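Residue numbering for the sequence shown follows this note's numbering, beginning at 5 and increasing consecutively.
Glycine included, each C-beta is placed from N, C-alpha and C at the ideal position.
Since this is a predicted model, take the numbers as computed values, not measurements.
Notes to accompany the following structure.
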Amino acid sequence: MIAIDKDRSGTRKLFARFDTIKDRSFPLKFVEATTKADEITKTFKVTLKMDKPPAYNILPGMTATVYAQILPSEITATQNIPLPVSAVVANSKKQATVWVVDEETMTVHPQKVTTGFLAGDTIQVSGVEAGERVVTAGAAFLRDGMKVTLLQTGEQPE
């Protein structure tokens, strides 16, 4: 999920980087975004356009990482919690949501958030507090009150 303000979509600088082309970013233009989340992944499809770079052969099927420029003026005290994009899902009302873990009961509860700007695989959100535990994997499969187990860094689920 990426938040691009319609009034400012023309001024937001978006870039693509390809693994096969080191140290080079290519400017992108915002075309459109779907208004309905995918039923399974709870994500929205965004269409971006890139002009053909003169010195490179970009082929169909090549994948890229998309980056959005974040200006210092856009980072505020209420919108500065960086989370993996995988942590943010759409709820039944198509609102951006994360799952917060209650560490006493080890259950999860949905928390509506406001999404900010995307940088690689990280997105800024407001609506959660620093230090709260947020589910970052499997978020699309959780239900309110579901028990969870915290994994240590590098540990794989059973």
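Which of helix, strand or coil does DSSP assign to A7?
-> Locating residue 7 in the sequence shown gives position 3, counting from the first residue. Bear in mind that the predicted position of A7 carries a pLDDT of just 49, short of 50, making it too unreliable to give a figure here.
Have a look at the DSSP bridge pairing and note the partners of Y71.
-> Walking along the sequence shown from the start, residue 71 turns up at place 67. Its beta-bridge partners are F19 and A123.
In terms of alpha-carbon separation, which member of T119, K53 and A72 lies closest to S90?
-> To locate residue 90, count along the sequence shown from 1; it is residue 86. The option with the nearest alpha carbon to S90 is T119.
Kindly give me the distance between the Cβ atoms of Q115 and V132, rounded to whole angstroms, as I take these residues to be in contact under 8 angstroms.
-> Along the sequence shown, one-based indexing puts residue 115 at 111. Along the sequence shown, one-based indexing puts residue 132 at 128. Rounded, the Cβ-Cβ distance is 6 angstroms, consistent with contact.
So what does P86 bridge to, in DSSP terms?
-> What you label residue 86 is simply residue 82 of the sequence shown in a count that begins at 1. Partner(s): Q128.
Starting from E133, follow the beta strand (DSSP E) in both directions and report where the run begins and ends.
-> Against the sequence shown, residue 133 aligns to sequence position 129. Premise fails: E133 is in no beta strand (DSSP E) and is neither H nor E.
Secondary structure at F145, three-state DSSP: helix, strand or coil?
-> In the sequence shown, counting from the first residue as 1, residue 145 sits at position 141. If DSSP states are grouped into helix, strand and coil, F145 belongs with the helices.
Residue ranges of each beta strand (DSSP E) within the segment 89–116, 3 or longer | 100–106 and 111–116
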